[in-house]
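**Q** Okay, here's the structure, questions in a sec.
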Amino acid sequence: MVRRTFSSLKNLLLKEQNEIISAVAVLMVLSLVTKLTGMVFLTLVARQFGASLETDKFYLASVIPEMITNIILLGAVSGAIIPIFVKLREDKGEQMFLRSFSSTMNTAMLSFVVLSVIAALFSRELVPFAINLSGGSPLNDPQVINDVVWMMRIMLIPQIVLGLSAFVSTSLNIYSRFIIPQLAPLFFNIGKIIGVLLIVPLMGGSIWGLIWGTLLGSLLHLLIQLPLLWHLRLKFNLLLFDFRDKYFRQAVRLGAPRVASLSVEQFASVIDSIIAIGLAKGSLTVYQLGVRLISIPLNLFGTTYSIAAFPTLARLHANGNREEFGMLINKLIQQVFFLAIPVTVLLLVLRIPIVRLVYGILGGNFTWEDTLQVAWVVMFFSLGLVFETLRSALFRVYYAMHNSIIPLISSVIVVVTGITTGILLTNYFSHFTSFSLQNITWDINYFFTKSDGPAGVGGLALSSSIVFTLEFFFLVFVLYKKKVIKLRPIVKSAAKKILGRSDHVCYLLRNAQTLG
Numbered sequence: 000m001v002r003r004t005f006s007s008l009k010n011l012l013l014k015e016q017n018e019i020i021s022a023v024a025v026l027m028v029l030s031l032v033t034k035l036t037g038m039v040f041l042t043l044v045a046r047q048f049g050a051s052l053e054t055d056k057f058y059l060a061s062v063i064p065e066m067i068t069n070i071i072l073l074g075a076v077s078g079a080i081i082p083i084f085v086k087l088r089e090d091k092g093e094q095m096f097l098r099s100f101s102s103t104m105n106t107a108m109l110s111f112v113v114l115s116v117i118a119a120l121f122s123r124e125l126v127p128f129a130i131n132l133s134g135g136s137p138l139n140d141p142q143v144i145n146d147v148v149w150m151m152r153i154m155l156i157p158q159i160v161l162g163l164s165a166f167v168s169t170s171l172n173i174y175s176r177f178i179i180p181q182l183a184p185l186f187f188n189i190g191k192i193i194g195v196l197l198i199v200p201l202m203g204g205s206i207w208g209l210i211w212g213t214l215l216g217s218l219l220h221l222l223i224q225l226p227l228l229w230h231l232r233l234k235f236n237l238l239l240f241d242f243r244d245k246y247f248r249q250a251v252r253l254g255a256p257r258v259a260s261l262s263v264e265q266f267a268s269v270i271d272s273i274i275a276i277g278l279a280k281g282s283l284t285v286y287q288l289g290v291r292l293i294s295i296p297l298n299l300f301g302t303t304y305s306i307a308a309f310p311t312l313a314r315l316h317a318n319g320n321r322e323e324f325g326m327l328i329n330k331l332i333q334q335v336f337f338l339a340i341p342v343t344v345l346l347l348v349l350r351i352p353i354v355r356l357v358y359g360i361l362g363g364n365f366t367w368e369d370t371l372q373v374a375w376v377v378m379f380f381s382l383g384l385v386f387e388t389l390r391s392a393l394f395r396v397y398y399a400m401h402n403s404i405i406p407l408i409s410s411v412i413v414v415v416t417g418i419t420t421g422i423l424l425t426n427y428f429s430h431f432t433s434f435s436l437q438n439i440t441w442d443i444n445y446f447f448t449k450s451d452g453p454a455g456v457g458g459l460a461l462s463s464s465i466v467f468t469l470e471f472f473f474l475v476f477v478l479y480k481k482k483v484i485k486l487r488p489i490v491k492s493a494a495k496k497i498l499g500r501s502d503h504v505c506y507l508l509r510n511a512q513t514l515g
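Counting in numbering that gives the first Met the number 0, the sequence shown runs from 0 upward without gaps.
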């Protein structure tokens with residue numbers, strides 16, 4: 000019995016996952032478990048430190064390392080280049096695939112290491128510059144700046160490990176192995192939980208325990224994937240840099256716009272962090288907690304569907320099956336609408352108890368004021384949840400079409416609009432101390448002056464919802480103009496989903512005070 004169970008589990012982990020629905024089901028479960036462990040980590044951090052200056056230091060120190068990782072490494076292994084390697088493996092065989100993939104991986108890793116060294120060398124200039132740019136911040140203290148500088152330098156190390164692991168995940172996805180790569184983030188969270196439960200107490204309650212826990216998590220992220228890599232006998236050449244390789248050049252040409260797109264997006268993320276640290280103390284932490292809570296449905300419905308559907312989308316487009324390609328896109332959008340709309344209503348109505356349950360269940364230093372402030376951010380994020388959930392899927396549709404220019408244009412529009420609305424809306428809400436829409440008054444001058452009210456951070460979330468909603472309509476409109484999809488089935492399905500949830504909407508309207 001035990002042997003049979005072990006054999007079945009081993010077969011599940013090692014076999015190809017070619018059926019989208021079955022793959023999505025498994026990935027959604029793993030994604031949910033991963034997000035839950037991520038929430039456990041954040042709950043433990045909230046209990047230990049609350050929304051404080053210490054956690055603001057930790058999140059600020061993470062900004063530059065995560066930005067470099069997202070631009071160079073995640074850009075290089077993004078969905079933009081996967082169709083190239085899927086087709087290469089099918090047409091030219093495994094050896095040619097490994098050669099071209101190795102060149103891409105090595106080039107991206109070398110670029111990352113060089114940028115990391117530069118960031119480490121100039122960190123003592125970068126951190127004060129960011130703090131001063133915020134227009135006045137509680138972090139503007141010599142000792143605090145020194146702590147953030149050293150935290151940032153150490154945080155670059157786990158990002159390198161995560162980058163290498165991201166390439167391993169991508170190679171496994173190309174071989175239609177999704178379960179093990181999805182387990183990697185789970186083990187990353189386990190490492191971070193060990194950090195807050197064991198390393199923080201061993202270091203006398205120091206925030207540095209989170210840094211070392213992150214390093215441990217990154218190592219686990221990589222190690223959990225190596226057995227499957229060896230099982231598939233995938234051997235990468237870590238010294239190969241063949242810039243003349245046809246497929247490497249094709250990957251660079253197609254991946255470069257994605258890297259540019261990510262650069263623009265990460266620049267916006269940095270600006271958001273800078274805006275947040277210029278608001279009331281703990282605002283950066285509150286914003287990050289809101290982002291991480293809203294990312295559960297984003298990843299559960301958007302990312303899992305797009306990851307599982309992407310190889311099929313790439314194959315359909317490569318084989319010229321345009322009708323099936325369009326039908327799959329329509330189905331993808333409709334399924335995400337079906338799942339995301341009720342979650343949006345749920346978050347709007349129950350955001351305060353949800354936030355308290357997630358972050359305040361263990362008590363500690365996470366106060367009721369912290370709960371209301373995070374719930375305020377979650378409310379505004381929820382308004383654009385449905386459209387932001389589809390962002391990842393729509394981007395992958397364009398990558399399957401070997402088109403990374405439209406996502407780049409879209410990202411530039413989002414960033415320019417987002418920075419503008421982010422500044423204006425945080426300025427406006429910073430004039431209020433209450434987390435209630437009923438207490439918000441109209442004054443156009445508030446858009447152009449900044450105060451120190453704790454409600455200011457909600458402006459970043461509202462800005463995000465506005466720009467991602469506009470982006471969704473732009474991406475869908477372009478697909479429609481290219482005759483890739485038909486709008487009628489999407490609009491009809493969305494209308495049915497919304498009308499089907501009308502009872503929830505009526506409940507929301509009847510209890511409008513819960514928005515405050």
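For every residue, glycine included, the Cβ atom is placed at its ideal position computed from N, Cα and C.
Using C-beta distances below 6 angstroms, list every residue in its chain close to Met38, excluding the 5 sequence neighbours before and after it, in chain order.
**A** Cβ neighbours of Met38 beyond the five flanking positions: Val357.
**Q** Return the Cβ separation of Ser282 and Ala275 in integer angstroms, given the expectation that the two are a contact with Cβ distance under 8 angstroms.
**A** With 8 angstroms as the limit, Ser282 and Ala275 qualify as a contact, their Cβ atoms being about 5 angstroms apart.
**Q** How many angstroms separate the CA atom of Pro184 from the CA atom of Asn444?
**A** Cα-Cα distance, rounded: 45 angstroms.
**Q** The alpha helix (DSSP H) with Pro141 in it runs from where to where?
**A** Here the alpha helix (DSSP H) through Pro141 covers Pro141 to Ile173.
**Q** Going by the CB atoms, is the gap between Ala60 and Met154 shorter than 8 angstroms?
**A** Result yes, Cβ atoms of Met154 and Ala60 sit closer than 8 angstroms.
**Q** Please confirm if Val269 has its CB atom under 8 angstroms from at least one CB of chain B.
**A** The structure shown has no chain B; it contains just one protein chain.
**Q** Could I get the ranges of all uninterrupted beta strand (DSSP E) runs contained in the segment 400-461, with 3 residues as the minimum, in chain order?
**A** Correct list: empty.
**Q** Is Ala374 helix, strand or coil by DSSP?
**A** Of the three classes helix, strand and coil, the one that applies to Ala374 here is helix, per DSSP.
**Q** Can you tell me where the alpha helix (DSSP H) holding Phe534 begins and where it ends?
**A** The shown model of the chain, from 0 to 515, leaves out residue 534, and the question about it has no answer.
**Q** May I ask which residues mark the beginning and end of the alpha helix (DSSP H) holding Leu299?
**A** Where Leu299 is concerned, there is no enclosing alpha helix (DSSP H), given that its DSSP letter is neither H nor E.
**Q** In terms of alpha-carbon separation, which member of Leu41, Val414, Ser410 and Gly325 lies closest to Leu486?
**A** Answer by Cα proximity: Gly325.
**Q** Whole angstroms are fine: how far does the CA of Ala313 sit from the CA of Gln512?
**A** Low local confidence applies: a pLDDT of 45 at Gln512 is under 50, so the model's placement there is unreliable, with the coordinate-based value given in what follows. Their backbone Cα atoms lie some 47 angstroms apart in a straight line.
**Q** What first and last residue would you give for the alpha helix (DSSP H) that runs through Thr213?
**A** Where Thr213 is concerned, the enclosing alpha helix (DSSP H) stretches over Trp207 to Leu222.
**Q** State buried or exposed for Lys482, treating a residue as buried only when at least 16 other CB atoms are found within 10 Å of its CB.
**A** Flag for Lys482 reads exposed.
**Q** Does the segment 419-431 come close enough to the segment 380-396 that 3 or more CB-CB pairs lie under 8 angstroms?
**A** Output reads no: the segment 419-431 does not touch the segment 380-396.
**Q** With respect to the alpha helix (DSSP H) encompassing Ala307, which residues constitute its N-terminal and C-terminal limits?
**A** Its alpha helix (DSSP H) spans residues Thr303 to Ala317.
**Q** Just to check my reading of the structure: Arg355 and Thr370 have Cβ atoms closer than 8 angstroms, yes? What is that Cβ distance to the nearest angstrom?
**A** 5 angstroms between Cβ atoms; contact.
**Q** Thinking just about the alpha-carbon of each residue, which of Asn105, Ile67 and Val344 is nearest to the one in Val258?
**A** The residue with the shortest Cα to Cα distance from Val258 is Ile67.
**Q** Along the alpha helix (DSSP H) that carries Ala279, what are the first and last residues, could you check?
**A** It is not in any alpha helix (DSSP H) - Ala279 carries neither H nor E in the DSSP assignment.
**Q** Nearest by alpha-carbon distance to Lys86: which of Ile465, Ser115, His401 and Ile439 is it?
**A** Nearest of Ile465, Ser115, His401 and Ile439 to Lys86, Cα basis: His401.
**Q** Where does the unbroken alpha helix (DSSP H) through Ile70 begin, and where does it stop?
**A** Per DSSP, Ile70 belongs to no alpha helix (DSSP H) and is neither H nor E.
**Q** Do Leu297 and His220 have their C-beta atoms closer together than 8 angstroms?
**A** Not a contact, by the Cβ cut-off of 8 angstroms.
**Q** What's the C-alpha gap between Lys449 and Asn438?
**A** Looking at the two C-alpha atoms, the distance is approximately 18 angstroms.
**Q** Please determine, among Ile210, Gly254, Arg98 and Phe84, the residue with the shortest C-alpha to C-alpha distance to Ala317.
**A** Measuring from the Cα of Ala317, the nearest candidate turns out to be Phe84.
**Q** How big is the Cα-Cα spacing for Leu423 and Ala129?
**A** Cα-Cα distance, rounded: 19 angstroms.
**Q** Short of 6 angstroms in beta carbon distance, which residues of its chain neighbour Ile144, apart from the five on each side in sequence? Order them along the chain.
**A** Once the five neighbours on either side are set aside, the close Cβ partners of Ile144 are Val126 and Pro127.
**Q** Quick one: is Phe380 buried, meaning 16 or more other Cβ sit within 10 Å of its Cβ, or exposed?
**A** By the 10 Å Cβ count, Phe380 comes out buried.
**Q** What's the C-alpha gap between Ala165 and Gly363?
**A** One C-alpha to the other measures close to 35 angstroms.
**Q** Am I right that Ser158 and Glu264 are in contact with their C-beta atoms under 8 angstroms? What's the rounded C-beta distance?
**A** It is worth fixing the name first, because residue 158 is Gln in this sequence and not Ser. Wrong, their Cβ atoms sit about 17 angstroms apart, outside the cutoff.
**Q** Residues in the same chain with beta-carbon distance under 8 angstroms from Pro352, minus the five sequence neighbours each way, listed in chain order, please.
**A** Excluding residues within five positions, none has a Cβ falling inside 8 angstroms.
**Q** In this structure, does DSSP put Arg98 in helix, strand or coil?
**A** Of the three classes helix, strand and coil, the one that applies to Arg98 here is helix, per DSSP.
**Q** Can you give me the C-alpha to C-alpha distance between Phe96 and Leu331, rounded to a whole angstrom?
**A** The alpha-carbon atoms of Phe96 and Leu331 are separated by roughly 29 angstroms.
**Q** Check Phe128 in the structure and name its three-state DSSP category.
**A** If DSSP states are grouped into helix, strand and coil, Phe128 belongs with the helices.
**Q** Nearest-angstrom Cα distance between Ser435 and Phe121?
**A** In a straight line, the C-alpha of Ser435 is about 42 angstroms away from that of Phe121.
**Q** What does the alpha-carbon distance come out to for the pair Phe473 and Gly359?
**A** Approximately 39 angstroms between the Cα atoms of the pair.
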